[in-house]
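As they're listed, the protein sequences go chains H and D. First residue of the first sequence? That's 22 in the numbering used here, and the numbers climb one at a time after it. First residue of the second sequence? That's 22 in the numbering used here, and the numbers climb one at a time after it. First up is the structure itself, then whatever we jot down about it.
Number of protein chains: 2
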Amino acid sequence: MSSSTTGTPQIVPFPEIERITQDASFDSKLIDAIAQGFVDFSSGKFNLCPVQTMGAPPMAPLVEGVEDYAAQVCVKSGYVTGDAYFVIKVASGGRPLQNSGLMQVYSQSTGRLEALLLDEGILTELRTAAAGAVAAKFLGPSTVKCIGMMGTGIQARYQLRYLKQVTECRELLLWGRTKEKVEELKEELKDEWNVRVTEAPQELLESCNIIVTTTCAREALLDGPVTGPLLIICIGADSVGKRELSTDLVSKADCLVCDSNLQTQERGEFQHALRENKVKLASVQELGQVINGTGLSNNRNLTIFDSSGVAIQDCVVAKMVYESL
Amino acid sequence: MSSSTTGTPQIVPFPEIERITQDASFDSKLIDAIAQGFVDFSSGKFNLCPVQTMGAPPMAPLVEGVEDYAAQVCVKSGYVTGDAYFVIKVASGGRPLQNSGLMQVYSQSTGRLEALLLDEGILTELRTAAAGAVAAKFLGPSTVKCIGMMGTGIQARYQLRYLKQVTECRELLLWGRTKEKVEELKEELKDEWNVRVTEAPQELLESCNIIVTTTCAREALLDGPVTGPLLIICIGADSVGKRELSTDLVSKADCLVCDSNLQTQERGEFQHALRENKVKLASVQELGQVINGTGLSNNRNLTIFDSSGVAIQDCVVAKMVYESL
């Protein structure tokens with residue numbers, strides 16, 4: 022009545038993962054791998070499970086009696102057809118939970134767990150930042166004079182780290198809600214970026230050629246006339262109800278691109294403009310299609326990329342880290 | 022840009038889990054805990070995620086070019102409201118994969134992985150066998166003269182191990198498709214059971230007071246007149262299309278009980294009789310309701326319990342093992 026135990030999984034602690042992600046070539050490799058991941062995704066080679074969500078309605082809360090309770094745990098699973106691995110990611114966060122996460126790499130040929138990556142959520146941060154860089158590379162204007170950043174959190178830092186891989190521009194116009202956090206980030210970046218600060222988001226629309234939005238807003242922060250050419254990379258809106266752009270601004274774009282057509286309707290930045298019928302789903306392309314060669318017009322003045330984060334990105338980054346061990 | 026790493030999970034290797042499950046009091050404790058689990062489940066205290074299934078249609082196969090490919094990986098997750106833990110179980114099997122599995126115990130209050138139980142699937146075997154014993158305890162006839170077993174695999178052995186906890190009867194009538202396997206099991210059991218073998222399944226219906234069916238059949242094996250009083254515990258049918266009883270036999274029962282009303286319609290033994298309209302869902306009770314006190318008639322001649330396996334059982338057994346470490 023005993024089973025065989027052929028092989029035990031590799032448990033990879035956080036410091037080892039962090040070390041791998043700090044390798045000089047990691048960022049550029051991840052950008053290339055994520056770009057290929059989007060191509061696989063949009064060509065139907067990715068097998069995506071429905072997300073399991075625990076702790077959020079209609080389920081019971083994980084912790085009782087917490088004011089403004091917002092915790093949830095998501096289990097995201099999938100695999101590329103014919104790849105060596107499938108990946109299960111568990112991510113938790115929201116008040117009162119501290120953000121944490123791990124990625125599990127399994128063999129497709131045996132079904133067995135090969136590695137447990139105790140990444141504490143940084144691999145999700147990195148694959149998200151890499152998606153921003155992929156968008157900048159394939160959708161950005163040929164000349165970038167100034168980059169705008171909305172938000173001053175961890176993801177803002179990662180986005181800037183990855184943008185450096187795909188643009189020479191080091192002019193940064195920074196906006197954030199909390200003055201101290203803006204100053205703190207400005208100080209942190211001063212050796213690598215020429216940082217200006219603004220209190221008016223619309224100044225970004227007038228002065229920048231790339232804007233990245235990384236807040237957790239649920240109301241439109243960006244609205245107004247656009248000078249252009251401009252690419253807005255929308256990162257913050259990754260679940261139902263979140264948004265950073267006005268639907269008027271979205272409707273001004275002459276090119277709309279998302280990571281996943283399915284997700285953009287439900288949980289991405291475009292959910293609102295689609296629902297208000299200000300843009301049509303048929304006019305939204307997936308980034309993987311664009312990379313794969315469906316032509317983009319050269320005369321785009323306003324391009325908007327909506328990233329809500331797809332599980333293929335988790336697969337790509339988990340595989341990269343595992344194979345670097 | 023670095024995250025904190027508060028605590029690393031406990032990795033529990035197979036031998037340690039096996040040792041815990043061989044403790045003298047483990048089986049009886051698990052039976053009690055599984056009974057309580059069914060009560061929690063039927064009273065709406067269990068939060069159940071939709072199952073993630075990889076490798077089975079409509080998804081791409083995990084392994085290419087295998088004749089009679091039948092592999093799949095299932096991710097089952099859930100938690101009891103107000104409990105300390107939530108559990109994610111990953112189970113893989115089906116040609117050409119060897120059966121394997123693991124259970125992950127997370128803290129509800131932090132969202133963090135506390136323990137990874139590398140159980141190779143035995144905890145699923147045990148929680149399934151414990152459900153059979155719970156059914157025998159709460160639904161079985163007051164006097165048991167003979168127990169019938171259909172099937173000669175691992176689960177048949179575990180069912181008998183657990184039945185010993187809830188009945189004094191040691192008379193066993195054994196049926197299996199493969200003669201050598203029947204003889205092998207008979208030999209294995211001879212010190213603890215008086216084993217008779219039959220080639221006619223209907224003999225079990227005539228001679229036994231409890232029958233457990235543990236085959237992987239997709240056709241009715243059991244059919245014919247019932248002497249009674251008899252409880253049939255149906256274990257084998259746990260997915261769409263599987264079955265071990267004729268729908269005529271099911272329709273003869275004066276008491277139908279299942280683990281989950283939802284699952285029995287889709288993937289349990291009752292799926293066929295329900296679809297053929299030979300029994301009505303309204304006449305099927307959940308085991309948790311029965312344990313919790315909804316009266317059962319004393320004059321039952323044929324009672325059938327349909328177990329397709331619910332995630333609460335995984336939560337219960339994972340928690341028990343974790344707390345025994």
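Glycine is no exception: its CB is placed at the ideal position from the N, C-alpha and C atoms. From a predicted model like this one, the values you see are computed outputs, not experimental measurements.
Residue from the options with nearest C-alpha to residue i
i, options, result
"THR149 of chain H", "H:TRP214, H:PRO30, H:LEU51 and H:ALA221", "H:LEU51"
"LEU139 of chain D", "D:LEU277, D:ALA151 and D:VAL126", "D:VAL126"
"CYS167 of chain H", "H:LEU302, H:VAL96, H:ALA303 and H:LEU181", "H:LEU181"
"LYS158 of chain D", "D:ASP53, D:GLU220 and D:VAL338", "D:ASP53"
"ARG321 of chain H", "H:LEU295, H:CYS276, H:GLN43 and H:VAL87", "H:CYS276"
"ALA274 of chain D", "D:ASP259, D:LYS299 and D:GLN292", "D:LYS299"
"SER98 of chain D", "D:SER345, D:CYS336 and D:VAL342", "D:CYS336"
"SER113 of chain D", "D:ALA81, D:LEU137 and D:MET75", "D:MET75"
"TYR106 of chain H", "H:GLN129, H:LYS207 and H:LYS185", "H:GLN129"
"ASP89 of chain D", "D:GLU287, D:ARG116 and D:VAL101", "D:ARG116"
"ALA91 of chain H", "D:THR131, D:LEU69 and D:THR199", "D:THR131"
"PHE62 of chain H", "H:ARG217, H:VAL261, H:THR145 and H:VAL311", "H:VAL311"
"GLU189 of chain D", "D:GLY65, D:VAL165 and D:VAL218", "D:VAL165"
Neighbour flag for residue i against chain D, beta carbons, 8 Å
i, result
"GLN284 of chain H", "no"
"CYS70 of chain H", "yes"
"SER24 of chain H", "Bear in mind that the predicted position of SER24 of chain H carries a pLDDT of just 37, short of 50, making it unreliable; the figure below should be weighed with that in mind. For SER24 of chain H, the answer is yes, since a Cβ of chain D falls inside 8 Å of its Cβ."
"MET75 of chain H", "yes"
"PRO78 of chain H", "no"
"GLN180 of chain H", "no"
"GLN129 of chain H", "yes"
"GLU287 of chain H", "no"
"ILE32 of chain H", "yes"
"ALA339 of chain H", "no"
Host alpha helix (DSSP H) of residue i (start-end)
i, result
"TYR183 of chain D", "175-184"
"LYS263 of chain D", "That residue, LYS263 of chain D, is in no alpha helix (DSSP H); it is neither H nor E in DSSP."
"LYS50 of chain H", "47-63"
"PHE67 of chain H", "From DSSP, PHE67 of chain H is part of no alpha helix (DSSP H) but of the beta strand (DSSP E) over 67-69."
"VAL309 of chain H", "Reading off the sequence, residue 309 of chain H comes out as Gly, not Val. Element bounds for GLY309 of chain H: 308-312."
"ASP335 of chain H", "332-345"
"GLN119 of chain D", "Premise fails: GLN119 of chain D is in no alpha helix (DSSP H) and is neither H nor E."
"ILE41 of chain D", "35-42"
"VAL84 of chain H", "Looking at the DSSP string, VAL84 of chain H is not in any alpha helix (DSSP H), and its letter there is neither H nor E."
"SER228 of chain H", "222-228"
"ILE143 of chain H", "143-160"
"VAL203 of chain H", "200-210"
"THR285 of chain D", "282-287"
Alpha carbon of residue i to alpha carbon of residue j, nearest angstrom
i, j, result
"GLU307 of chain H", "ASP104 of chain H", "22 Å"
"GLN3 of chain H", "LYS263 of chain H", "Any property of residue 3 of chain H remains undetermined from this structure, which presents chain H solely from 22 to 346."
"LEU243 of chain D", "SER267 of chain D", "6 Å"
"GLN73 of chain H", "VAL96 of chain H", "5 Å"
"CYS255 of chain D", "ILE109 of chain D", "25 Å"
"ASP269 of chain H", "VAL305 of chain H", "16 Å"
"MET22 of chain D", "ARG178 of chain H", "Note on MET22 of chain D: pLDDT 34, under 50, position unreliable in the model; no value is reported."
"GLN57 of chain H", "ALA332 of chain H", "14 Å"
"ARG133 of chain H", "SER121 of chain D", "7 Å"
"PHE291 of chain H", "PHE59 of chain D", "43 Å"
"LEU195 of chain H", "ILE32 of chain H", "39 Å"
"VAL271 of chain H", "PRO71 of chain D", "34 Å"
"LYS200 of chain H", "ALA241 of chain H", "19 Å"
"GLU265 of chain H", "ALA258 of chain H", "7 Å"
"PRO246 of chain D", "GLU135 of chain D", "52 Å"
"VAL187 of chain D", "ALA154 of chain D", "6 Å"
"ILE253 of chain D", "LEU226 of chain D", "9 Å"
Check: residue i C-beta below 7 Å from any heavy atom of the ligand NAD
i, result
"PRO250 of chain H", "Looking for the ligand NAD in the displayed structure turns up nothing, as the structure carries no ligands at all."
Extent of the continuous beta strand (DSSP E) to which residue i belongs
i, result
"GLN93 of chain H", "93-101"
"ARG217 of chain H", "215-218"
"THR234 of chain D", "231-234"
"THR74 of chain H", "73-75"
"ALA136 of chain D", "134-138"
"ALA294 of chain D", "Segment 291-296 is the alpha helix (DSSP H) holding ALA294 of chain D; no beta strand (DSSP E) there."
Any C-beta of chain H under 8 Å from that of residue i
i, result
"GLY172 of chain D", "no"
"TYR100 of chain D", "yes"
"LEU346 of chain D", "no"
"SER260 of chain D", "no"
"ARG148 of chain D", "no"
"PHE107 of chain D", "yes"
"SER121 of chain D", "yes"
"GLY103 of chain D", "yes"
"VAL271 of chain D", "no"
"LEU83 of chain D", "yes"
> Are three or more beta carbon pairs between the stretch 224-244 of chain D and the stretch 172-191 of chain D nearer than 8 Å?
Replying inline: yes
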